[in-house]
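So for the sequence shown, UniProt numbering puts the first residue at 1; every next one is plus one. Just so you know, even glycine gets a beta-carbon here, dropped at the ideal spot from N, CA and C. The block underneath contains the structure these notes are about, expressed in structure tokens.
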Amino acid sequence: MAKRRKVANPLALAVLAELTAEPMHPYEMGRRLKEHGKDRDIKYTRSSLYMVVEQLRKAGFVAERETVRDTQRPERTVYALTEDGRHELHDWMRQLVAEPQHEYPHFGVALSLLSVLPPVEAAELLGRRLETLDGQVEEVHGLLRTAKEQDVPWIFLIEEEYRLGRLETEQRFVTHLIESLKEPDHIRAWQEFFGSRT
Numbered sequence: 001m002a003k004r005r006k007v008a009n010p011l012a013l014a015v016l017a018e019l020t021a022e023p024m025h026p027y028e029m030g031r032r033l034k035e036h037g038k039d040r041d042i043k044y045t046r047s048s049l050y051m052v053v054e055q056l057r058k059a060g061f062v063a064e065r066e067t068v069r070d071t072q073r074p075e076r077t078v079y080a081l082t083e084d085g086r087h088e089l090h091d092w093m094r095q096l097v098a099e100p101q102h103e104y105p106h107f108g109v110a111l112s113l114l115s116v117l118p119p120v121e122a123a124e125l126l127g128r129r130l131e132t133l134d135g136q137v138e139e140v141h142g143l144l145r146t147a148k149e150q151d152v153p154w155i156f157l158i159e160e161e162y163r164l165g166r167l168e169t170e171q172r173f174v175t176h177l178i179e180s181l182k183e184p185d186h187i188r189a190w191q192e193f194f195g196s197r198t
């Protein structure tokens, strides 16, 4: 069973990880998250980032290090990782890496209710999804090619490799599902079942 966290937002985990490099202010954290491509896996806005930093401060995982005053910019508070924060980061990472968690993806919800759509329409919609998946797979392949040409160490690409694996698995699944939805036996069974309810 997942451990209850004082701050459970995945953005908090990313902030703690960024602060292992050095103390910084939230604006810099956001810039680095985007620069490192973390915004592809963690949804956040500037205001949510500031809110999470404040939650981490209240939990004792980060502490104010200094306030930087610059005549051209508003004053900025620099935060540093505390010992409790470092412990929380490592504990949370160990849990996420070792223990699979049940997630509730939107596509899973759609699949669980797919039978409400006529098979022909469902197949057509899944065809559109497959086109999008094809584009996403090509995008990730391109990103990985570029990163390898730039000698980016593999450890910094693992989330993209994982994303590629998920996308390619979904491509195969959706292709098979489209074929299954077009089978005459399925169409006939759907019409018999749902036709009697209209």
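Counting C-beta pairs closer than 8 Å gives three or more between the stretch 25–43 and the stretch 72–79, which meets the contact rule. Along the length of the stretch 20–103, whole alpha helix (DSSP H) runs at least 4 residues long occupy 26–35, 46–59, 83–98, reported in chain order. With a beta-carbon spacing of about 11 Å, K43 and A14 fall beyond the 8 Å limit used to define contacts. Taking L11 as the centre and dropping the five residues before and after it, the same chain places the C-beta of I42, Y44, V52 closer than 6 Å to its C-beta, in chain order. An exposed status is given to A189, since fewer than 16 other beta-carbon atoms sit within 10 Å of its beta-carbon. Between E18 and R32, the alpha-carbon positions lie close to 8 Å from each other. Taking a C-beta distance under 8 Å as the contact criterion, V137 and E160 do not qualify as a contact pair. DSSP places A8 in the coil class of the three-state scheme, outside both helix and strand. Of the other Cβ atoms in all chains shown, fewer than 16 fall within 10 Å of the Cβ of R69; this residue is therefore exposed. Counting along the chain, S180 sits inside the alpha helix (DSSP H) bounded by residues 158–181.
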